DNA sequence: GTCAATTTACTCGGATAGAGTGTGTCCGAGTGGCGAAGG
DNA sequence: CCTTCGCCACTCGGACACACTCTATCCGAGTAAATTGAC
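Protein chains in written order, with the working numbering: chain A, 971 to 1126; chain B, 971 to 1126.
Have a look at this one:
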């Protein structure tokens, strides 16, 4: 999986704690000392997926496009990593001299088994919102949200 | 995900239907018109993971190392694709001037959420054996097993 | 005819090139704010 | 003092190199069978 997914989720949490203000890529990148231009690429992808909203020009940057309760981890992962299945059946059973056209109408059992597992993965990701992860962090590290807000305010 | 996974699972099913006989890579590859040398690479990985047993020399080849009921799809996927998690937390929260050493002992909430989803995926794969997939195929396409056996017998 | 040594053909196994995708960087288009000039 | 115009700095957005993994291939080590020769 793309490493940018980690950056994207962390940035979404930070943006959620910051609130409605738009934050430029450079600030978000500086918080974790990430390469700004590359993080920008990930944020662009999130904007295309309507997870973030982007504003150009001075005082511009990114902010959440929706409240964190409405953003699932699946949304973020799909935006960065694409929503194509990890396992893709290429129907090799139809190749070779032993292939039987009569069976093509039936679904490939291997593909079905793989899709079932992947569906379970997607369901778990879709069942957890950014707000849920925020709540988990606030429970184990209550000081973090304020600390984040202060840091982004101070370096505004 | 590695495309070789598809080839590997199909080959495991074929080997299961064939029985105890060892089958060389070239035959298994010819069945689906796959590049033999590359399929061999995948089968080697399965042998290293003790999913297949390999025999060198004339009349050699591969066979299942265990009965199909004891081989899960997770075993096959892990052998080919590796068993490292797709999402790997690089702890970027520890980087940057705002990082707080006090929080390092607590687990990363994002990592936990991702691992939870991936665990669901692994559980689904580990819950389905090669024998289960064989049964599904035999239910929808009863003629396949005999057809496979005959093809590999004829071209022996 | 039986046995043993040798040759032979076959298979796995790892080492070796080429293509595609992820990683990282750079520069241009657009935009809002700021300041200067004029009324 | 207020308004308007033009300049400027800032930000996103996409276009451009680099690296790494996946894909594909080839050749050598080892092995079991087949062959040949002697007894």
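Just so you know, even glycine gets a beta-carbon here, dropped at the ideal spot from N, CA and C. Predicted model, so just to flag it, every value in this text is computed and none were measured.
| said: Would the segment 1006–1013 of chain A count as touching the segment 1071–1085 of chain A if we require 3 or more Cβ pairs under 8 Å? | reply: no
| What residues from chain A crowd round residue 1110 of chain B, counting only those whose CB sits closer than 9 Å? | By one-based count along the second chain, residue 1110 of chain B stands at place 140. Those are 1073, 1076, 1077 and 1079, listed as they occur along chain A.
| message | Let's test the definition: count the other Cβ atoms within 10 Å of the Cβ of residue 995 of chain A and tell me whether it reaches 16, buried, or not, exposed. | response | The sequence position of residue 995 of chain A within the first chain is 25, counting from 1. Classification for residue 995 of chain A: buried.
| query | For residue 1096 of chain A, which residues of its own chain have a beta-carbon under 7 Å away from its beta-carbon, when the five flanking residues on both sides are left out? | reply | Counting from 1 along the first chain, the entry for residue 1096 of chain A is found at position 126. Result list for residue 1096 of chain A: 1042 and 1044, in chain order.
| task | Using only alpha-carbon positions, find the residue among A:1068, A:1046, A:1018 and A:1038 that is nearest to residue 973 of chain A. | result | In the first chain, residue 973 of chain A corresponds to position 3, counting from 1. Ranking the options by Cα distance to residue 973 of chain A, first place goes to A:1046.
| Thinking C-beta only, is residue 1004 of chain A closer than 8 Å to residue 1022 of chain A? | Numbered from its first residue, the first chain carries residue 1022 of chain A at position 52. Numbered from its first residue, the first chain carries residue 1004 of chain A at position 34. Contact flag unset, no.
| Any Cβ of chain B within less than 8 Å of the Cβ of residue 1066 of chain A? | Numbered from 1 along the first chain, position 96 holds the residue referred to as residue 1066 of chain A. It does: the Cβ of residue 1066 of chain A has a partner Cβ on chain B nearer than 8 Å.
| said: Going by C-alpha to C-alpha distance, which of A:980, A:971 and A:975 sits closest to residue 1101 of chain A? | reply: Counting from 1 along the first chain, the entry for residue 1101 of chain A is found at position 131. For residue 1101 of chain A, the nearest C-alpha among the options comes from A:980.
| said: Taking 8 Å as the limit between beta carbons, can you name the residues of its chain near residue 1050 of chain B, skipping five residues before and five after? | reply: Indexing the second chain from 1 puts residue 1050 of chain B at position 80. Excluding positions up to five away in sequence, the list reads 972, 974, 975, 978, 1012, 1015 and 1016.
| request: Could you tell me which chain A residues have their CB closer than 8 Å to the CB of residue 1107 of chain B, listed as they occur along the chain? | output: Reading the second chain from its first residue, position 137 is the one you call residue 1107 of chain B. By Cβ distance, chain A contributes 1079.
| task | Using a Cβ-Cβ cut-off of less than 7 Å, give me the residues of the segment 1006–1030 of chain A that come near chain B, in sequence order. | result | none
| said: Does residue 916 of chain B pass the burial test, meaning 16 or more other C-beta atoms within 10 Å, or should it be called exposed? | reply: In this structure chain B extends from 971 to 1126, so residue 916 of chain B is not present and cannot be described.
| How close, in whole Å, do the beta carbons of residue 1060 of chain B and residue 1029 of chain B come, if the pair is a contact with beta carbons under 8 Å? | Within the second chain, the letter at position 90 stands for residue 1060 of chain B. Within the second chain, the letter at position 59 stands for residue 1029 of chain B. Actually they do not touch by this definition, with Cβ atoms about 49 Å apart.
| request: For residue 1057 of chain B, return the contacting residues in chain A, with the cut-off set at a CB-CB distance below 8 Å. | output: Taking the second chain and counting its residues from 1, one reaches residue 1057 of chain B at position 87. The contacting residues are 971, 975 and 976.
| field | Through-space distance from residue 1024 of chain B to residue 1066 of chain A, alpha-carbon basis | value | As a first step, residue 1066 of chain A is located in the first chain; it is residue number 96 there, counting from the start. As a first step, residue 1024 of chain B is located in the second chain; it is residue number 54 there, counting from the start. Cα to Cα, the separation comes out at about 24 Å.
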